[in-house]
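At position 233 of the sequence shown the residue is numbered 233 (full-length UniProt numbering), and the sequence of numbers has no breaks.
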Amino acid sequence: MVRSILLRGFDQDMANRIGEYMKDHGVNFIREFVPIKVEQVEEGTPGILKVTAKSTTGDQIIEGEYNTVLLAIGRDPCTRKIGLDKVGVSINEKTGKIPVNDEEQTNVPYIYAVGDILQDKLELTPVAIQAGRLLVRRLYAGATTKCDYVNVPTTVFTPLEYGACGYSEETAVEKFGEENIEVYHSNFWPLEWTVPSRDNNKCYAKIICNIQDNERVIGFHILGPNAGEVTQGFAAAIKCGLTKEQLDSTVGIHPVCAEVFTTLSVTKRSGENIAVSGC
């Protein structure tokens, strides 16, 4: 069941492609419903559980019987009962998260916060570790480097991996304006999928470029095998100001999935076909 959209906070073009891939491979998404009751119908291994769910957009109620029920409940900051109100630290009353400035400083100058409790920041363990290290160095070692919360590589380990770094397409349009970004994209066919002729137009790559900044790459997205491994390497280049021209002038390694980023030529706004017939 999906409360509203798939992979909230991620690029929705990519999220929907993941959804379609999973649907094609037997996953049934029940959209805009949330479970309100789970009852055991039959004991055993596996047993039978009856799930009652309610629509998030109306009053419709549905029921279904399953062998296994897994609840992805998300995270809830435990900030309301640790005395922050006594020292004057502000928290978001709705979410319990803590607003901070770009140095992880709360509204109380001598109190800092890092990690998943931060408002409008990424909920990723490596980000929390990096932010904590940099904060300590600024406080006690005279350093000045701040945590970069934009160019953060991450991967969603769905059946077809999704790797990303930088802005989603939606956020880029909102921040820079649709007329100021160019999206280059293409399908690609991994070599190991060619012999069994497997899903030849499911893997997908795109970059989002800032036209006003020499087509600097501000968003990197890949859906395919080992997407995390591919994304990790490109993330360093993106932090260094990678541009479309630099990608074009890079010699690709053939035949690997990452090669597609050295040959991207079709823009989304052109509407041209991006299907491929070989690796």
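Heads up, the beta-carbon is just placed ideally off N, CA and C, and yes, glycines get one too.
What you are looking at is a predicted structure, and each value in this text was computed from that prediction instead of being measured.
- With contacts defined as CB atoms closer than 7 Å, residue 189 and residue 276 qualify as a contacting pair.
- In the three-state scheme derived from DSSP, where H, G and I count as helix and E and B as strand, residue 165 is classed as strand.
- Beta-bridge partners of residue 105 (DSSP): 112.
- About 5 Å separates the CB atoms of residue 260 and residue 205; that is less than 8 Å, so the two are in contact.
- Separation of the CB atoms of residue 49 and residue 65 is rounded to 7 Å, and the pair is thereby assigned contact status at 8 Å.
- Nearest Cα to residue 157 within the set 241, 176, 252 and 223: 223.
- Note that the C-beta distance between residue 175 and residue 149 is not below 7 Å.
- Secondary structure note for residue 187: its beta strand (DSSP E) is the uninterrupted segment 181 to 188.
- Rounded to whole angstroms, residue 184 and residue 161 show a C-alpha spacing of 20 Å.
- In this chain, the beta strand (DSSP E) harbouring residue 155 covers 154 to 156.
- Here residue 97 is buried: its Cβ has 16 or more other Cβ atoms, across all protein chains shown, within 10 Å.
- DSSP, reduced to helix, strand and coil, places residue 62 within a strand of the structure shown.
- Using a 10 angstroms sphere on the CB of residue 274, the tally of other CB atoms reaches 16 or more, which defines it as buried.
- Counted as a single uninterrupted DSSP element, the stretch harbouring residue 121 is not any alpha helix (DSSP H), since DSSP gives it neither H nor E.
- In the assembly as shown, residue 240 is an exposed residue. Its beta-carbon has fewer than 16 other beta-carbons within 10 Å.
- Residues of the same chain with a CB within less than 7 Å of the CB of residue 202, apart from the 5 flanking positions on each side, are 21 and 160 in chain order.
- According to the DSSP assignment, residue 18 belongs to the alpha helix (DSSP H) that extends over 12 to 24.
- Counting every other CB atom within 10 Å of its CB across the protein chains shown gives residue 215 a total of 16 or more, marking it as buried.
- The shortest CA-to-CA distance from residue 235 to any of 77, 51, 166 and 8 is the one to 166.
- The bridge partners DSSP lists for residue 243 are 216.
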